[in-house]
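A.B. asks: In this note's numbering, the protein residues as written are 5 to 391.
This is the structure, below, for whatever I ask next.
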Ligand SMILES: [Fe+2]
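Rendered as structure tokens:
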């Protein structure tokens, strides 16, 4: 798994990240800098109820032409389509997404369809036929997990076919990500823990991916350090703005990492149980991460030894094997400490569905970047252990 002298890679990133308390309220300046004058906010119903998007929209004055507040967890191609109609009707010239991965990915999907026409499912996975640039997009995350604000990736569900569609293109990078710790304080403890574990999964999977490279690894390792230190503090005291801010940075840099190195078996399994049984993305990843690490252990001891070091559990004198095992055990304990759900059976996955989940995992796109190839019997065993 170590780098070889044949290593060759390109590293891409979004253009601008702004961090700071109340920085979201300064979004108008970013809209101006991108030449926008008719901003449409894309957000979800839960946030509408606590009036967060309205507050941000208020700072934009006349430059905000409307709020599309219909995003749901696991956004869908039909929701993207509805958003596109609203954007056209209002002649929006810039999108401001406010929310978790679903809202940000919905805005990414809307930008694709606004440019290319038709429906979003025509453009999987690499936006064939779409030439840039797309409508500008400013992302303001209100969770600290998906990292969508900093990735060229979008995941949108086709609810009719019970499938998650993956999109990957540099055109999907938002132009600006605004990281405002205040925007994440409304998250309750379970959502904080599960979205945080999504970020942890991005970092850990990135480090052992077949696409790994040193810049992404550096970002991922620092993300693991920050999450290990600050995520428990965020869960314990949601008003701790220092911890919230550092966790937000961690999620964004883990996004920068996996946007380049991509994920692996944990995300592959998580996407399948999410699509089939509605298990929220963060919860699925948090549950499956220690199990996926166990599946991969022999294929990437050196990568997991780095994870152990970043989590502070690599003791002096440990062999690489011992350190890798310490990382797997530490990850399991970490999720327990967070009060994170532990078993698939707790979240509505039936035992008789595991075989179909294992088979679907083997053709899920993330599996192709996993350090150990997909093996049907072993993937099924892993899911059974997680059940
Ligand atoms: Fe994820």
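Even for Gly, the Cβ is constructed at its ideal location relative to N, Cα and C.
(1) Closest by CA to residue 238, which one among 257, 191, 282, 266?
(2) Assuming residue 169 contacts residue 128 (C-beta within less than 8 Å), just tell me the rounded distance between them.
(3) Where in the segment 76-131 do unbroken runs of the beta strand (DSSP E), each at least 3 residues long, occur, reported from the N-terminal end onward?
(4) Could you tell me whether the Cβ atoms of residue 277 and residue 208 are closer together than 7 Å?
(5) DSSP three-state call for residue 19: helix, strand or coil?
(6) Got a sec? Which residues, its chain only, sit under 7 Å from residue 77 by beta carbon, not counting five neighbours each side?
(7) Indicate, with yes or no, if ligand 1 has a heavy atom lying under 6 Å from the CB of residue 174.
(8) If I measure Cβ to Cβ from residue 203 and keep anything under 7 Å in the same chain, skipping five residues before and after, which residues do I get?
(9) Is the closest heavy atom of ligand 1 to the C-beta of residue 202 under 6 Å?
(10) How many angstroms separate the CA atom of residue 61 from the CA atom of residue 47?
(11) For a quick check, are the C-beta atoms of residue 290 and residue 344 less than 7 Å apart?
(12) Can you give the beta carbon distance from residue 252 to residue 145, rounded, assuming they're within the 8 Å contact cut?
(13) Express the C-alpha separation of residue 109 and residue 73 in angstroms, rounding to a whole number.
(14) I'd like the list of long-range same chain contacts for residue 315, defined as Cβ closer than 7 Å, with 5 residues on each side in sequence excluded.
(15) Residue 118: which of 102, 141, 103, 287 sits nearest, CA to CA?
(16) In three-state DSSP terms, what is residue 156?
(17) Report the residue ranges of all beta strand (DSSP E) runs contained in full by the segment 135-206; include only those spanning at least 3 residues, in chain order.
(18) Quick check on residue 34: buried or exposed, where buried means 16 or more other Cβ atoms within 10 Å of its Cβ?
(19) Since residue 43 sits in a beta bridge, which residues does DSSP pair it with?
(20) Identify the continuous alpha helix (DSSP H) that holds residue 373 and give its terminal residues.
(21) Can you check whether the CB of residue 100 is closer than 7 Å to the CB of residue 45?
(22) Have a look at residue 264 and residue 371 and give me their C-alpha separation to the nearest angstrom.
(23) Go ahead and pull the three-state DSSP assignment for residue 399.
(24) How many Å lie between residue 80 and residue 163 at the Cα?
(25) Could you check what DSSP says for residue 385 in three-state terms: helix, strand or coil?
(26) If residue 199 and residue 104 are in contact, beta carbons under 8 Å, what's the gap, nearest whole angstrom?
(27) Among the residues of its own chain, which have a CB less than 6 Å from the CB of residue 59, if the five just before and after it don't count?
C.D. replies: The structure says:
(1) 191
(2) 5 Å
(3) Segments of the beta strand (DSSP E) lying fully in the segment 76-131: 98-103.
(4) Cβ distance not < 7 Å, so residue 277 and residue 208 don't count as in contact.
(5) coil
(6) 106, 284
(7) Short note on residue 174: C-beta not closer than 6 Å to any heavy atom of ligand 1.
(8) Cβ neighbours of residue 203 beyond the five flanking positions: 148, 149, 151, 227, 231, 254, 255, 258.
(9) Residue 202 Cβ: within cutoff of ligand 1.
(10) 11 Å
(11) yes
(12) 7 Å
(13) 14 Å
(14) Answer for residue 315: 228, 232, 331, 334, listed in chain order.
(15) 141
(16) coil
(17) 141-145, 157-162, 167-172, 180-183
(18) buried
(19) 68, 98
(20) Premise fails: residue 373 is in no alpha helix (DSSP H) and is neither H nor E.
(21) yes
(22) 15 Å
(23) Absent from the structure is residue 399, since the part of the chain shown begins at 5 and ends at 391.
(24) 6 Å
(25) helix
(26) 7 Å
(27) none
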